[in-house]
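One structure is given here, and the rest of the page talks about it.
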Amino acid sequence: EDQVTQSPEALRLQEGESSSLNCSYTVSGLRGLFWYRQDPGKGPEFLFTLYSAGEEKEKERLKSTLTKKESFLHITAPKPEDSATYLCAVPTSGSRLTFGEGTQLTVNP
Amino acid sequence: DGGITQSPKYLFRKEGQNVTLSCEQNLNHDAMYWYRQDPGQGLRLIYYSQIVNDFQKGDIAEGYSVSREKKESFPLTVTSAQKNPTAFYLCASSISRGRETGELFFGEGSRLTVL
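Chains W and R, in that order, give the protein sequences. Under the working numbering, the first sequence has 187 at position 72, and the numbering climbs by one with no breaks. Under the working numbering, the second sequence has 133 at position 104, and the numbering climbs by one with no breaks.
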């Protein structure tokens, strides 16, 4: 069964304290892994797509990496405005995108 | 500006009533989706459509219905058969073919509360 699991469920950081979020998946024939950011009460916003093991993508203080079984979202020197829920997702059957349950990140000033 | 518009943003319903959530996009995307999100949980797929006049059930379609009569529009009806309809509903669209199918554009969501 295709599964996407994110950890930790919640993460509190001090401003400037770097850390990583994890997204592990079990799908056959990975056709991409997608990261999204969701602010409270809003729809998710697309961040990155990774297609093959070893691939990396960066955007401001965020860097995503992909291995054959998991993806990491590294946050370097985070700021309070980085506080959000981060979701990862993988395509499963057909056009379906299966989402993990997300990591709620809080960055304190 | 191109985007997805969901309405209403907040909706209250009495038990036994059907309600319809609107979703309109002007991105010229072929594929559209409805997701449900419960507190502290990820997104669960209700229905999706890759082309006009065609749609498929997602993982939690029971108690919901959709139509896709126009490329721009994909309304969702929450029927009285849905046992626990209180949730945050998200509509999304994407290019239906190629590597971009996972790059979804989401609306702002509709929060439905059953009284």
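Quick reminder that beta carbons are idealized off the backbone N, C-alpha and C, glycines included. These numbers come from a predicted model, not from an experiment.
{"query": "For the beta strand (DSSP E) that contains S123 (chain R), what are its first and last residues?", "result": "116-123"}
{"query": "For the segment 32-41 of chain R and the segment 162-179 of chain W, state whether three or more C-beta atom pairs, one from each stretch, are separated by less than 8 Å.", "result": "no"}
{"query": "Apart from the five residues just before and just after G87 (chain R), which ones in its own chain have a Cβ nearer than 7 Å to its Cβ?", "result": "L74, I75, Y76, Y77"}
{"query": "Using DSSP's beta-bridge definition, name the partner residues of K100 (chain R).", "result": "Bridge partners of K100 (chain R): none, in fact."}
{"query": "If you draw a straight line from the alpha carbon of C203 (chain W) to that of N223 (chain W), how long is it in whole angstroms?", "result": "23 Å"}
{"query": "Let's test the definition: count the other Cβ atoms within 10 Å of the Cβ of S186 (chain W) and tell me whether it reaches 16, buried, or not, exposed.", "result": "buried"}
{"query": "Are there 16 or more other CB atoms within 10 angstroms of the CB of P123 (chain W), so buried, or fewer, so exposed?", "result": "exposed"}
{"query": "Taking only beta-carbon atoms, is E160 (chain W) less than 9 Å away from chain R?", "result": "yes"}
{"query": "Strictly by DSSP, which residues pair up with P206 (chain W)?", "result": "W:L212"}
{"query": "A168 (chain W) versus chain R: which residues are under 8 Å apart at the beta carbon?", "result": "None at all; the shortest Cβ gap to chain R is about 16 Å."}
{"query": "When you check each C-beta in the segment 110-133 of chain R against every C-beta of chain W, which residues fall closer than 7 Å?", "result": "L119, S125, R128, T130, G131, E132, L133"}
{"query": "To the nearest angstrom, how far is the alpha carbon of K38 (chain R) from that of C120 (chain R)?", "result": "12 Å"}
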